[in-house]
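Reviewing the structure listed below.
2 protein chains.
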Amino acid sequence: MNAAPPFDKIALIGFGLIGGSIARAARVQGLAKQIVATAHSAKTRARVSELGIVDAVVETNAEAVADADLVILCIPVGACGPVAQEIAGHLKPGAIVSDVGSVKGAVVRDMALHLPRAAHFVPAHPVAGTEHSGPDSGFAELFINRWCILTPPEGTDPDAVEKLRGFWAALGARVEIMTPDHHDLVLAITSHLPHLIAYTIVGTADELEGVTQSEVLKFSAGGFRDFTRIAASDPIMWRDVFLTNKDAVLEMLGTFNEDLSKLTRAIRRGDGEALFEHFARTRAIRRGIVEIGQDSAAPDFGRPHAQLGKKAE
Amino acid sequence: MNAAPPFDKIALIGFGLIGGSIARAARVQGLAKQIVATAHSAKTRARVSELGIVDAVVETNAEAVADADLVILCIPVGACGPVAQEIAGHLKPGAIVSDVGSVKGAVVRDMALHLPRAAHFVPAHPVAGTEHSGPDSGFAELFINRWCILTPPEGTDPDAVEKLRGFWAALGARVEIMTPDHHDLVLAITSHLPHLIAYTIVGTADELEGVTQSEVLKFSAGGFRDFTRIAASDPIMWRDVFLTNKDAVLEMLGTFNEDLSKLTRAIRRGDGEALFEHFARTRAIRRGIVEIGQDSAAPDFGRPHAQLGKKAE
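For the record, the sequence lines run as chains A and B. Residue 1 is where the first sequence starts when you use the numbering used here, and the numbers rise one by one after that. Residue 1 is where the second sequence starts when you use the numbering used here, and the numbers rise one by one after that.
Encoded structure:
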């Protein structure tokens, strides 16, 4: 039985890691009769055309959203308000408008201001990614077993929410609904603060006196290299995250700083018991994450190892 | 041609991730006529016997080092001094004594006090590991393309240093020589501070008000899960690292805190330019690490992804 695709036309505005992964996965799953994409830069649009993943690449956002029944903004959160304003007059009545932004509170308020009442606004955030960006970086499997959080404003049409939930489920994601403010608090600790810390320590290592950059790179397998991965994420996306989720990030930072001071004091005083107690406790969190399938059980994230050749005989 | 093994008897004191990996790799490479191991706990010794990787498992350190021409302490750095004292009277004249500790300054001083002049003391630190520990966690490929740092005290017999260098090279490692103090400064930034930060943030996430632990686990793919890996490392090993490399760690922490304050201020003031400039700079470090082969070029450390099933037709 060949079920009809749930959407006639999906419009993707932006084609980086997330937009490109949605396009690939939606195509594999047959979720639309037509997928149309656009992107801010001519170079990206040209590359998307070459890739041949979508049915059409158009030059303007207005053109992209015309007649679309699902519009997804896959752009840095700072651009979401202006783009919502730009497309507002071109949306088909009854269209679902969504996004993929890592911040919800400020962004939802910004977008909602502009969108017409005849459109269904269902903000979304797929908690998935890699350190790569650009039109070539996406892949269809990115969202499998990852969570996608929907934050529909009060009064949103439940059918529209259900339709978007089904879309993300078809991409392999597990869907949860929460308020924008709670989303921003949760993501501040599970994503934003980790990125800030990683960006900080990688910057610290880059500017040391007494240790050369070459030494930092060579001996990075001692732990440092793990941090460099998320500190290689897209700088525009992350600038916007910190500008728009300032309060929650600063709150988490405050708690983190208190905890760091506590451990620093234990080191300064040579309090081995306090250190051991803390280090033993954090192991359980890793186990929990692996148990619920949010990370690989393989040691070292399953990083590949070369083979050890037998000694010449 | 069947070359004679470079060592007659290697004694491994301790059989965790590192000791167990040395044993497996040395066996594959045929580096000793005999490999003897011991461990502090009877349970570990029993498991090592079962594994059948080494030629003999003995109960005491004294027994292990008897007649050995290479002795390697593969134990937490806090135990190195006492064990050096314990084995001192049982070493064969001319034996090479080494370790694998992540701290050198304090540990080298501790061990050197006890070791007899007739033994060659060549401290070593293979910068490699995973978050797993115990006798089952080791594997022969762990050291391939990782660096092993030797910190021989002034006046050490160059032949002994050369012999240990050859040993580590045969395990697949690249070898570098530096002073204990410089080692401790370099590792403070490439390993110890990253672990401290990871242990801190994982602890912070564990005790939050307003965000449940279940939420932290579910949405950890936003970046947090990366930190949980190194925060799952052996608590005794890491307690000892911070107790014995206090000064260098506190120095790096000071610089890190300054840098974190700078970024915090940029967030508080909404200074997007400062954030962008910092985030763009740190990308280059990741590229450098991948280019010199110290991390995988695959996105997301090459973490595995499930396949997206085709829609039922």
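Just so it is clear, CB atoms sit at the ideal spot from N, CA and C, and this is done for glycine as well.
Residue j and residue i - do their beta-carbons sit closer together than 8 Å?
| i | j | result |
| --- | --- | --- |
| leucine 217 of chain A | glutamine 294 of chain B | yes |
| leucine 250 of chain B | arginine 268 of chain A | yes |
| proline 180 of chain A | threonine 151 of chain A | yes |
| cysteine 148 of chain A | methionine 111 of chain A | no |
| leucine 208 of chain A | threonine 255 of chain B | yes |
| threonine 190 of chain B | serine 220 of chain A | yes |
| valine 77 of chain B | aspartate 240 of chain B | yes |
| alanine 188 of chain B | methionine 252 of chain B | yes |
| valine 54 of chain A | alanine 42 of chain A | no |
| leucine 196 of chain B | valine 211 of chain A | no |
| histidine 278 of chain A | glycine 203 of chain B | yes |
| alanine 32 of chain B | aspartate 8 of chain B | yes |
| arginine 47 of chain B | proline 135 of chain B | yes |
| glycine 302 of chain B | proline 304 of chain A | yes |
| isoleucine 35 of chain A | arginine 45 of chain A | no |
| phenylalanine 227 of chain B | proline 194 of chain A | yes |
| asparagine 245 of chain B | valine 100 of chain B | no |
| arginine 225 of chain A | isoleucine 289 of chain B | yes |
| glycine 138 of chain A | alanine 23 of chain A | yes |
| glycine 223 of chain A | leucine 243 of chain B | no |
Going by C-alpha distance, which of the options is nearest residue i?
| i | options | result |
| --- | --- | --- |
| leucine 91 of chain A | A/Leu187, A/Pro299, A/Phe224 and A/Phe121 | A/Phe121 |
| arginine 117 of chain B | B/Asp157, B/Ala79 and B/Ala128 | B/Asp157 |
| leucine 113 of chain A | A/Val83, A/Gly134 and A/Gly129 | A/Val83 |
| isoleucine 10 of chain B | B/Ile96, B/Met178, B/Ala119 and B/Val127 | B/Ile96 |
| alanine 62 of chain B | B/Leu51, B/Glu86 and B/Phe256 | B/Glu86 |
| serine 233 of chain B | A/Asp300, A/Glu59 and A/Ile292 | A/Asp300 |
| alanine 39 of chain A | A/Gly89, A/Pro6, A/Gly19 and A/Lys33 | A/Gly19 |
| proline 153 of chain A | A/Val28, A/Ser102, A/Pro194 and A/Arg109 | A/Arg109 |
| isoleucine 75 of chain B | B/Thr212, B/Phe7, B/Val107 and B/Asp226 | B/Val107 |
| glycine 94 of chain B | B/Ile22, B/Arg287, B/Leu70 and B/Ile144 | B/Leu70 |
| proline 6 of chain B | B/Gly222, B/Leu164, B/Glu176 and B/Pro304 | B/Leu164 |
| alanine 25 of chain A | A/Ala46, A/Ser41, A/Thr282 and A/Ala140 | A/Ala140 |
| serine 296 of chain B | A/Ala306, A/Ala42 and A/Gly210 | A/Ala306 |
| alanine 169 of chain A | A/Gly14, A/Gln29, A/Gly16 and A/Phe242 | A/Gln29 |
| glycine 89 of chain B | B/Gly16, B/Val65 and B/Gly105 | B/Val65 |
| alanine 280 of chain A | B/Gly272, B/Ile230, B/Leu275 and B/Ile144 | B/Ile230 |
| asparagine 145 of chain A | A/Ala298, A/Ser133 and A/Gly172 | A/Gly172 |
| histidine 132 of chain B | B/Asn257, B/Ser21 and B/Ile292 | B/Ser21 |
| glutamate 162 of chain B | B/Ser98, B/Phe224, B/His183 and B/His182 | B/Ser98 |
| isoleucine 276 of chain B | A/Ala248, A/Met237 and A/Val290 | This sequence places phenylalanine at residue 276 of chain B; isoleucine is not what is there. The candidate whose alpha carbon is nearest that of phenylalanine 276 of chain B is A/Met237. |
| threonine 200 of chain A | B/Asp247, B/Asn257 and B/Tyr199 | B/Asn257 |
What residue range is occupied by the uninterrupted alpha helix (DSSP H) comprising residue i?
| i | result |
| --- | --- |
| lysine 314 of chain A | Outside the shown range of chain A, which is 1 to 313, sits residue 314 of chain A, and nothing can be said about it. |
| aspartate 181 of chain A | 180-187 |
| phenylalanine 224 of chain A | 224-230 |
| lysine 262 of chain B | 246-269 |
| lysine 218 of chain A | 213-218 |
| isoleucine 87 of chain B | 80-87 |
| proline 194 of chain B | 193-206 |
| threonine 44 of chain A | 42-51 |
| phenylalanine 279 of chain B | 272-291 |
| glycine 19 of chain B | 17-28 |
| glycine 105 of chain A | 105-114 |
Residue range of the beta strand (DSSP E) that residue i falls in?
| i | result |
| --- | --- |
| glutamate 63 of chain A | That residue, glutamate 63 of chain A, is in no beta strand (DSSP E); its alpha helix (DSSP H) goes 61-65. |
| histidine 125 of chain B | 124-126 |
| valine 97 of chain A | 96-99 |
With DSSP as the reference, please indicate the residues paired to residue i in a beta bridge.
| i | result |
| --- | --- |
| valine 175 of chain A | A/Cys148 |
| isoleucine 10 of chain A | A/Ile35 and A/Leu70 |
| histidine 120 of chain B | B/Ile96 |
| valine 57 of chain A | A/Ala37 |
The region 130-161 of chain A: which residues have C-beta closer than 8 Å to a C-beta of chain B, in chain order? Thr130, Glu131, His132, Ser137, Phe139, Ala140, Glu141, Leu142, Ile144, Asn145, Arg146, Trp147 and Ile149
Interface positions of the region 163-177 of chain A facing chain B (Cβ-Cβ less than 9 Å), listed along the chain: Ala170, Leu171, Gly172, Arg174 and Glu176
Please name the residues in the region 178-199 of chain B whose beta-carbon is closer than 7 Å to at least one beta-carbon of chain A, in chain order. Leu185, Val186, Leu187, Ile189, Thr190, Ser191, Leu193, Pro194, His195, Leu196, Ile197 and Tyr199
Under 7 Å, CB to CB, which of the residues in the region 216-234 of chain B have a partner in chain A? Val216, Leu217, Lys218, Phe219, Ser220, Ala221, Gly222, Gly223, Phe224, Arg225, Asp226, Phe227, Thr228, Arg229, Ile230, Ala231 and Ala232
Contact list for the region 238-253 of chain B against chain A, Cβ threshold 7 Å: Trp238, Arg239, Phe242, Leu243, Lys246, Val249, Leu250 and Leu253
If contact means a Cβ-Cβ distance below 8 Å, which residues of the region 99-123 of chain A contact chain B? If the cut-off is 8 Å between Cβ atoms, the region 99-123 of chain A has Ser102 near chain B.
Select from the region 255-276 of chain A all residues with a C-beta closer than 7 Å to any C-beta belonging to chain B, and list them in chain order. For the region 255-276 of chain A, which is checked against every Cβ of chain B, the residues closer than 7 Å are Thr255, Phe256, Asp259, Leu260, Leu263, Thr264, Ile267, Arg268, Gly270, Gly272, Leu275 and Phe276.
Anything in the region 292-308 of chain B with a Cβ closer than 9 Å to a Cβ of chain A? List those residues in chain order, please. Taking 9 Å as the Cβ-Cβ cut-off against chain A, the residues of the region 292-308 of chain B that qualify are Ile292, Gln294, Asp295, Ser296, Ala298, Pro299, Asp300, Phe301, Gly302, Arg303, Pro304, His305, Ala306, Gln307 and Leu308.
Residues of the region 19-34 of chain B whose Cβ lies closer than 7 Å to any Cβ of chain A, in chain order: Ala25, Val28, Gln29 and Gly30
What residues in the region 49-73 of chain A have a beta carbon less than 7 Å from any beta carbon of chain B? none
When Cβ atoms are compared, which residues of the region 200-211 of chain B fall closer than 7 Å to chain A? Within the region 200-211 of chain B, Thr200, Ile201, Val202, Gly203, Thr204, Ala205, Asp206, Leu208, Gly210 and Val211 place their CB atoms closer than 7 Å to a CB of chain A, listed in sequence order.
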